[in-house]
Amino acid sequence: DGRVKVGLLPQGEFAQGHTFFVQQAHRALGAAPVHVHVTYTLSGDYGKRFRLQSAGLWRSEPRAYYEEGRFLQVVGMRDLVLELLARLELPPRVWACDGPADTEAPFFEGVPPDRLP
386 DGRVKVGLLP QGEFAQGHTF FVQQAHRALG AAPVHVHVTY TLSGDYGKRF
436 RLQSAGLWRS EPRAYYEEGR FLQVVGMRDL VLELLARLEL PPRVWACDGP
486 ADTEAPFFEG VPPDRLP
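Numbering of the sequence shown is given in the numbering used here, commencing with residue 386 and proceeding in unit increments.
This is the structure in structure tokens:
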């Protein structure tokens, strides 16, 4: 009959890059995506392939790429980081996360005056 039907595709099943990789909207919606449009990345095509690989959606490598070889597993990462931090000798203001009280200090170099604390 020559007419075209137009409609919206459900976001959970037909995701664009930001809603899939960053917001992970498909999880919040409880949906299984059937398509992911890999939108612009600063890393170009390499970045797109890397994002798809990391999500398990790029399968051009042989199965052995993901299953064979030497892998490093870190167990107890939180405790390790806390132990290493405890060994550091840093001034108390570092742990307070305040930064220097003097707004002329090098910490604030390059910060526009209207953005200073």
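Idealized CB from N, CA, C, for every residue including glycine.
Exercise. Counting Cβ pairs closer than 8 Å, one from the segment 450-463 and one from the segment 418-435, do we hit at least three?
Worked result: no
Exercise. Name the DSSP bridge partner or partners of V421?
Worked result: Translated into positions along the sequence shown, residue 421 becomes position 36. Answer is A400, bridged to V421.
Exercise. To the nearest whole angstrom, what separates the beta carbons of E398 and A410, a pair I think is in contact under 8 Å?
Worked result: Within the sequence shown, residue 398 is the residue found at index 13, counting from 1. Within the sequence shown, residue 410 is the residue found at index 25, counting from 1. Actually they are not in contact, since the Cβ atoms of E398 and A410 sit about 11 Å apart, beyond 8 Å.
For this session: Along the alpha helix (DSSP H) that carries A471, what are the first and last residues, could you check?
Result: For this step, residue 471 is matched to residue 86 along the sequence shown. Segment 462-472, the alpha helix (DSSP H) holding A471.
Exercise. From what residue to what residue does the alpha helix (DSSP H) around F435 run?
Worked result: Taking the sequence shown and counting its residues from 1, the one referred to as residue 435 is at position 50. 429-439 is the span of the alpha helix (DSSP H), which, as asked, contains F435.
Exercise. From R472, H403, L473, L414, pick the residue whose C-alpha is nearest to that of Y425; which is it?
Worked result: Position 40 of the sequence shown, counting from 1, holds the residue named residue 425. It is H403 whose Cα lies nearest to the Cα of Y425.
Exercise. Tell me which same chain residues have a C-beta within less than 6 Å of the C-beta of L437, skipping the five on either side of it?
Worked result: One-based indexing of the sequence shown puts residue 437 at position 52. Cβ neighbours of L437 beyond the five flanking positions: W443.
Exercise. For L442, does the three-state DSSP call read helix, strand or coil?
Worked result: Counted from its first residue, the sequence shown places residue 442 at position 57. Coil.
Exercise. From which residue to which residue does the alpha helix (DSSP H) around R412 run?
Worked result: Sequence index remark: in the sequence shown, residue 412 carries index 27 (1-based). Looking at the DSSP string, the run of the alpha helix (DSSP H) that includes R412 is 410-414.
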